[in-house]
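Engineer: My questions all concern the structure below.
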Amino acid sequence: MSGPSDFQPTNPALKWIERRLPIMGLMHSSFVAYPTPRNLNYWWTFGAILSFMLVVQILTGVILAMHYTPHADMAFKSVELIVRDVNYGWLLRNIHASGASMFFFAVYIHMFRGLYYGSYKEPREVLWILGVIIYLLMMATGFMGYVLPWGQMSFWGATVITNLFSAVPYFGESIVTLLWGGYAVGNPTLNRFFSLHYLLPFVIAGVVVLHIWALHVAGQNNPAGVEAKTEKDTVPFTPYATMKDMFGVSCFLLFFAWFIFYMPNYLGDAENYIPANPAVTPAHIVPEWYYLPFYAILRSIPNKLAGVVAMFGAILILAFLPWLDSAKTRSSKYRPLAKQFFWMFVVVCIGLGYLGAQPPEGIYVIVGRILTFLYFAYFLILLPLLARIEKPRPVPNSIADDVLAKTGGKPAPMVSTVIALMVAGGLLLGGAESARAAEGSTKPPAQKWSFSGPFGKFDRGAMQRGLKVYKEVCASCHGLSFVAFRNLAEAGGPGYSVAQAQAFASEYKVKDGPNDQGEMFERPGRPADYFPSPFPNEQAARAANGGAFPPDLSLITKARSYSRGFPMFLIDFFTQYQEQGPDYVTALLQGYEDKPPAGFNLPEGSFYNTYFPGHAIKMPKPLSDGQVTYDDGSPATVAQYAKDVTHFLMWAAEPHMEARKQLGLQVFVFLILLTVLLYFTKKKVWANAH
Amino acid sequence: MRSHGKGANRTILDCLFRRNGGRKSGFSAAAGAAGAGSLLRGARLRGSGAVPLAADKKGLEIVTTASSADHPTRRDFLYVATGAVASVGAAATVWPLVSQMNPDASTVAAGAPIEVDLTPIAEGQDIKVFWRGKPIYISHRTKKQIEEARAVSVSSLPDPQSDEARVKPGHDQWLVVVGICTHLGCIPIAHEGQYDGFFCPCHGSVYDTSGRIRQGPAPTNLAVPPYTFVSDTKIQIG
Ligand code: FES
Numbered sequence: 001m002s003g004p005s006d007f008q009p010t011n012p013a014l015k016w017i018e019r020r021l022p023i024m025g026l027m028h029s030s031f032v033a034y035p036t037p038r039n040l041n042y043w044w045t046f047g048a049i050l051s052f053m054l055v056v057q058i059l060t061g062v063i064l065a066m067h068y069t070p071h072a073d074m075a076f077k078s079v080e081l082i083v084r085d086v087n088y089g090w091l092l093r094n095i096h097a098s099g100a101s102m103f104f105f106a107v108y109i110h111m112f113r114g115l116y117y118g119s120y121k122e123p124r125e126v127l128w129i130l131g132v133i134i135y136l137l138m139m140a141t142g143f144m145g146y147v148l149p150w151g152q153m154s155f156w157g158a159t160v161i162t163n164l165f166s167a168v169p170y171f172g173e174s175i176v177t178l179l180w181g182g183y184a185v186g187n188p189t190l191n192r193f194f195s196l197h198y199l200l201p202f203v204i205a206g207v208v209v210l211h212i213w214a215l216h217v218a219g220q221n222n223p224a225g226v227e228a229k230t231e232k233d234t235v236p237f238t239p240y241a242t243m244k245d246m247f248g249v250s251c252f253l254l255f256f257a258w259f260i261f262y263m264p265n266y267l268g269d270a271e272n273y274i275p276a277n278p279a280v281t282p283a284h285i286v287p288e289w290y291y292l293p294f295y296a297i298l299r300s301i302p303n304k305l306a307g308v309v310a311m312f313g314a315i316l317i318l319a320f321l322p323w324l325d326s327a328k329t330r331s332s333k334y335r336p337l338a339k340q341f342f343w344m345f346v347v348v349c350i351g352l353g354y355l356g357a358q359p360p361e362g363i364y365v366i367v368g369r370i371l372t373f374l375y376f377a378y379f380l381i382l383l384p385l386l387a388r389i390e391k392p393r394p395v396p397n398s399i400a401d402d403v404l405a406k407t408g409g410k411p412a413p414m415v416s417t418v419i420a421l422m423v424a425g426g427l428l429l430g431g432a433e434s435a436r437a438a439e440g441s442t443k444p445p446a447q448k449w450s451f452s453g454p455f456g457k458f459d460r461g462a463m464q465r466g467l468k469v470y471k472e473v474c475a476s477c478h479g480l481s482f483v484a485f486r487n488l489a490e491a492g493g494p495g496y497s498v499a500q501a502q503a504f505a506s507e508y509k510v511k512d513g514p515n516d517q518g519e520m521f522e523r524p525g526r527p528a529d530y531f532p533s534p535f536p537n538e539q540a541a542r543a544a545n546g547g548a549f550p551p552d553l554s555l556i557t558k559a560r561s562y563s564r565g566f567p568m569f570l571i572d573f574f575t576q577y578q579e580q581g582p583d584y585v586t587a588l589l590q591g592y593e594d595k596p597p598a599g600f601n602l603p604e605g606s607f608y609n610t611y612f613p614g615h616a617i618k619m620p621k622p623l624s625d626g627q628v629t630y631d632d633g634s635p636a637t638v639a640q641y642a643k644d645v646t647h648f649l650m651w652a653a654e655p656h657m658e659a660r661k662q663l664g665l666q667v668f669v670f671l672i673l674l675t676v677l678l679y680f681t682k683k684k685v686w687a688n689a690h
Numbered sequence: 691m692r693s694h695g696k697g698a699n700r701t702i703l704d705c706l707f708r709r710n711g712g713r714k715s716g717f718s719a720a721a722g723a724a725g726a727g728s729l730l731r732g733a734r735l736r737g738s739g740a741v742p743l744a745a746d747k748k749g750l751e752i753v754t755t756a757s758s759a760d761h762p763t764r765r766d767f768l769y770v771a772t773g774a775v776a777s778v779g780a781a782a783t784v785w786p787l788v789s790q791m792n793p794d795a796s797t798v799a800a801g802a803p804i805e806v807d808l809t810p811i812a813e814g815q816d817i818k819v820f821w822r823g824k825p826i827y828i829s830h831r832t833k834k835q836i837e838e839a840r841a842v843s844v845s846s847l848p849d850p851q852s853d854e855a856r857v858k859p860g861h862d863q864w865l866v867v868v869g870i871c872t873h874l875g876c877i878p879i880a881h882e883g884q885y886d887g888f889f890c891p892c893h894g895s896v897y898d899t900s901g902r903i904r905q906g907p908a909p910t911n912l913a914v915p916p917y918t919f920v921s922d923t924k925i926q927i928g
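Chains A and B, in that order, are what the protein sequence lines are. Take 1 as the starting number for the first sequence in this note's numbering and just add one per residue. Take 691 as the starting number for the second sequence in this note's numbering and just add one per residue.
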């Protein structure tokens, strides 16, 4: 992409093609011979990491679309079926879901890198603006993708975000109706979001091509911020940049794999494991972490239209950056003031992200307004001002000089910045988390579970006992509709044989039909059948339960969570603690008090539970000592029942958990080996350049 | 490394795949011509096991002779090991991406055996049931049909098979076949065609009362699915 190449194949067949379509020459000049500044640091590998992530997302996305059903009644179920039944479906879904977060994580680093080293300045303005367009497209794609699983957060996130457009004067309502294709978010909305979610990544890929083209015309910026002048300033893209990028990607994969295999739900919201319900809004609508800073700006401004304008303005202002910052020196390395303000700006952004996850009340609102002001002030006041008053330090004469000056210097900043960023990112995530389930309730005590941690395995005995408790107690009100009888005999499950599962299934009566006479009939269950639900529909369930709807238990251990608070959520990332759900469910089952504490006003038909948010629960105390007989001599106590049934329900919520952790171990061993090898290969290759 | 000295256009990969006197086979020449075309190189690496390693090795010898600083064998080993590990990783990654296209667990479970009650099928009639998404014909054959099927000389058939081999002993009147034409998958119509068996309207294959191909483009007889008689009036398919 940097002009005609002098590349000439020698093979006659290739020569024949090359004369007619010089594609090899194009590839050669773009990705092999392309001269790249020799002083690039690892922040520059994020371009390659992003390209890699785009490929990963498109690949896994296309595959997931082969199994997904974009219909309001089936979307949630089809996602569960992908995770449970499709070969490696759980893996593909985890990759795609956490891949979105990784994509944004990488793009933020890429953008901050551009900001710090002045990569948007002349002659790279168009390159930068194309980047802003890609970012906007990514936000749209990510948002629509998040709607597709059709959980509670999907549905309400879609409602809130589409309603942003209702702020438009005069046409607002019509625009929103147009977006929805109905009078509310519903099936037409889901269908079009699916269509666009499939389309936009290819649009992104197209703009990425332009982005790279513009990059190859202007040449890469570099930490010194001086243009490459002679051949001594550059090295050929292959093998130097390629090897370095591959090493960078491989390190990034280690980080990525941690989420895929060990923390798949760390970045998600428990609420999204509850199917979309247009009648109930979750207590806190929190967008995905990567939108939080802009969400905070939206909420800081007390006027609807102004808030929306400020939010979009906060993104669009980036496009004007090349003209807002008119300083001649590119790299902040040589701009003592700009450098400090850059880091302050980073803190402001992270602060906004934190606030975006907090409830919009009290001090949070005030701080939110201050930070919003600072965000805009950085672009509109500070950068133009700095360009005038700052006295930059002298920049090196050439890239080669910069490299020579640095030989033997300190490579430390990268490491410390990475640590700082990780802590800050964690803070942000933790903020997101603390907003969930923050209603005044007692924290459940953390239990010991055999399935926790990287080597965790289910306890077959506990699962079999738990199944018994479910069948004899819970099943009278709660369904388990995503679990099939055949699952009981599958690897990683409660360890029954196929014959046992079959016998278990045949004890159930399953509705089937219609038969040749057109009538529905009952027959004994088969392994392929799912656990029948106790009520035919929600209305019947409510009618039989005093107005309360006993939730389906298939996903209950993933759909419930509680705030771990600071700094536990940070530690949790490293210890892989993710058993909030099971801890809560166990605690809830044991948390009944016969007498509510003095002063607590218990509504009619409710029961006091220490761990239930708000304490007044409609479900009567379900378990009592001796209620279920165990054959294996385990104590017949409420505590034991509660733990066993939770153990079973954890498996019900994630039947492939053992497979996930086992594969994770193999992948990590492999990735560490690959990363080490790539590191030394890269070192060997670069030895020639020094 | 000498490629670097000569300018930005020449790179390590140029060195890696440069032809030298010893090997002028088409393959290595193609690789050499592709030069640093990394796409081609990737395809080659995935396509074959041993050759790329040999090529790498050969290429690297050129590299190492060009740069005197390094111990050649250690360097060879490093590059080859990295390439090999990366290829293993790439191959392992492809596995789940392809495996997901196979039938999922619920589809497999739904393909479990089914039971069919034969009592409602009168002599001379047939029914169609579905098993694993395929139509299965169950025909209650008349005496005449059975005799027709057995009268023909087996060796004269395009796909020689006796009628006895296509039904269960003692249940000669019951013909159970997969109702999918063995030509290109259309569904033949029962009780049609000049052999009183099945006739496929798509391209005119004609099957007899035993479901054997007698005429037309279909290469083989209609398949007999796995089934057993649970009782005299009930079969289990699958
Ligand atoms: S498909 Fe039946 S004859 Fe071609």
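We put the beta carbon where it would ideally sit given N, CA and C, even for glycine.
Comparing the CB of histidine 197/A with every heavy atom of ligand 1, is any distance shorter than 7 Å?
Structural biologist: Every heavy atom of ligand 1 is 7 Å or more from the Cβ of histidine 197/A, so no.
Engineer: What residues in the stretch 69-96 of chain A have a beta carbon less than 9 Å from any beta carbon of chain B?
Structural biologist: Against chain B - using a Cβ distance shorter than 9 Å - the residues of the stretch 69-96 of chain A are Leu81, Ile82, Arg84, Asp85, Val86, Asn87, Tyr88, Gly89, Leu91, Leu92.
Engineer: Counting Cβ pairs closer than 8 Å, one from the stretch 82-101 of chain A and one from the stretch 154-170 of chain A, do we hit at least three?
Structural biologist: Contact between the stretch 82-101 of chain A and the stretch 154-170 of chain A is absent, because fewer than three Cβ pairs lie under 8 Å.
Engineer: Compare the Cα-Cα distances from glycine 599/A to each of Ser332/A, Ala548/A, Tyr608/A and report the closest residue.
Structural biologist: Taking only the C-alpha atoms, the option nearest glycine 599/A is Tyr608/A.
Engineer: Is there at least one non-hydrogen atom of ligand 1 closer than 7 Å to the beta-carbon of leucine 874/B?
Structural biologist: Within the cutoff, so yes.
Engineer: Give a yes or no on contact between the stretch 266-281 of chain A and the stretch 667-681 of chain A, applying the rule of three or more CB pairs nearer than 8 Å.
Structural biologist: Counting Cβ pairs under 8 Å, fewer than three are found: no touch.
Engineer: In this structure, how does DSSP classify glycine 248/A when only helix, strand and coil are distinguished?
Structural biologist: It is helical.
Engineer: Can you check whether the C-beta of arginine 526/A is within less than 8 Å of a C-beta belonging to chain B?
Structural biologist: Interface residue, yes.
Engineer: Which residue comes first and which comes last in the beta strand (DSSP E) that contains tyrosine 163/A?
Structural biologist: The residue asked about is misnamed: residue 163/A is asparagine in this sequence, not tyrosine. That residue, asparagine 163/A, is in no beta strand (DSSP E); its alpha helix (DSSP H) goes 152-163.
Engineer: For a test of the three-state rule: what should DSSP assign to methionine 520/A, helix, strand or coil?
Structural biologist: If DSSP states are grouped into helix, strand and coil, methionine 520/A belongs with coil.
Engineer: Report buried or exposed for valine 628/A, applying the criterion of at least 16 other Cβ atoms within 10 angstroms of its Cβ.
Structural biologist: The residue is buried, with at least 16 neighbouring Cβ atoms inside 10 Å.
Engineer: Among the residues of its own chain, which have a CB less than 6 Å from the CB of glycine 727/B, if the five just before and after it don't count?
Structural biologist: Per-residue confidence for glycine 727/B stands at a pLDDT of 37, beneath the threshold of 50, marking its modelled position as unreliable; the derived number appears in the next sentence. If we look at glycine 727/B and ignore the five residues flanking it on each side, it has no Cβ neighbours.
Engineer: Could you please give me the residues that DSSP links to aspartate 886/B through a beta bridge?
Structural biologist: DSSP output for aspartate 886/B lists Asp898/B as bridge partner(s).
Engineer: Are there 16 or more other CB atoms within 10 angstroms of the CB of glycine 716/B, so buried, or fewer, so exposed?
Structural biologist: Note that glycine 716/B scores 36 on pLDDT, short of 50, meaning its location in the model is unreliable and no value can be drawn from it.
Engineer: Going by C-alpha to C-alpha distance, which of Pro445/A, Val56/A, Trp128/A sits closest to serine 561/A?
Structural biologist: Looking at the Cα atoms, Pro445/A is the closest of the given residues.
Engineer: How would you list, in chain order, the residues of chain B whose beta-carbon sits under 8 Å from the beta-carbon of leucine 318/A?
Structural biologist: In chain order: nothing, as chain B lies at least about 33 Å away.
Engineer: On a Cα-Cα basis, can you pick out the residue from Tyr917/B, Lys833/B, Asp922/B, Gln790/B that is closest to isoleucine 899/B?
Structural biologist: A small correction: the amino acid at residue 899/B is threonine; isoleucine does not occupy that position in the sequence shown. It is Lys833/B whose Cα lies nearest to the Cα of threonine 899/B.
Engineer: Give the DSSP-derived three-state secondary structure of aspartate 816/B in the structure shown.
Structural biologist: In the structure shown, aspartate 816/B sits in a strand (DSSP, three-state: E or B).
Engineer: Say yes only if the C-beta of histidine 893/B is nearer than 7 Å to one or more non-hydrogen atoms of ligand 1, and no if none qualify.
Structural biologist: Yes, Cβ of histidine 893/B sits closer than 7 Å to a heavy atom of ligand 1.
Engineer: Enumerate, from N- to C-terminal direction, the unbroken beta strand (DSSP E) stretches of 3 or more residues contained entirely within the stretch 771-829 of chain B.
Structural biologist: Whole beta strand (DSSP E) segments, 3+ residues: 804-807, 816-821.
Engineer: Step through the CB atoms of chain A and report whether any lies within less than 8 Å of the CB of asparagine 934/B.
Structural biologist: Here chain B comprises residues numbered 691 to 928, so residue 934/B is not present and cannot be evaluated.
Engineer: Going along the chain, which residues of its own chain have a beta-carbon closer than 6 Å to the beta-carbon of leucine 59/A, five neighbours each way excluded?
Structural biologist: Answer for leucine 59/A: no residue qualifies.
Engineer: How would you label leucine 368/A, buried or exposed, when you count the other beta carbons within 10 angstroms and need 16 or more for buried?
Structural biologist: According to the sequence provided, residue 368/A is glycine. The question's leucine does not apply to it. Its Cβ being crowded by 16 or more others within 10 Å, glycine 368/A is buried.
Engineer: Please check if any C-beta of chain A sits within less than 8 Å of the C-beta of alanine 795/B.
Structural biologist: Chain A, which has a Cβ nearer than 8 Å to the Cβ of alanine 795/B, makes this yes.
Engineer: Whole angstroms is fine: what's the gap from leucine 383/A's alpha carbon to alanine 377/A's?
Structural biologist: Using only the alpha carbons, I get a separation of about 8 Å.
Engineer: Starting from arginine 93/A, trace the alpha helix (DSSP H) in both directions and tell me its first and last residue.
Structural biologist: That run of the alpha helix (DSSP H) goes 89-116.
Engineer: Could you check where the beta strand (DSSP E) with threonine 575/A kicks off and where it finishes?
Structural biologist: Threonine 575/A -> not in any beta strand (DSSP E); alpha helix (DSSP H) instead, spanning 568-575.
Engineer: Determine the closest residue to threonine 637/A out of Leu623/A, Met650/A, Leu602/A, Lys595/A, with distance taken between C-alpha atoms.
Structural biologist: Residue Leu623/A is the option with its Cα nearest to threonine 637/A.
Engineer: Just checking my contact of valine 929/B with valine 842/B at CB under 8 Å: how many whole Å lie between their CB atoms?
Structural biologist: In the structure as shown, chain B begins at 691 and stops at 928. Residue 929/B is therefore absent and cannot be evaluated.
Engineer: So which residues on chain A does valine 866/B lean against when the C-beta distance must stay under 8 Å?
Structural biologist: Correct list: empty, because the minimum Cβ distance to chain A is about 19 Å.
Engineer: Under the DSSP definition of a beta bridge, which residues are partnered with asparagine 609/A?
Structural biologist: In DSSP, asparagine 609/A forms a bridge with Tyr592/A.
Engineer: Quick one: what does DSSP say valine 235/A is sitting in, helix, strand or coil?
Structural biologist: Strand, per DSSP.
Engineer: Could you name the residues of chain A that leucine 787/B contacts, counting a contact when the two beta carbons are closer than 9 Å?
Structural biologist: Leu59, Thr60, Ile63, Tyr88, Leu92, listed in chain order.
Engineer: Whose C-beta lies closer than 7 Å to the C-beta of aspartate 625/A among residues of the same chain, with five residues either side of it excluded?
Structural biologist: Excluding sequence neighbours, aspartate 625/A sits near Ala636, Thr637, Val638.
Engineer: 8 Å is my cut-off, CB to CB: does lysine 684/A come that close to chain B?
Structural biologist: Answer yes: the Cβ-Cβ gap between lysine 684/A and chain B drops below 8 Å somewhere.
Engineer: Please say whether tyrosine 769/B and threonine 238/A have beta carbons closer to each other than 8 Å?
Structural biologist: Taking 8 Å as the Cβ cut-off, threonine 238/A and tyrosine 769/B do not qualify as a contacting pair.
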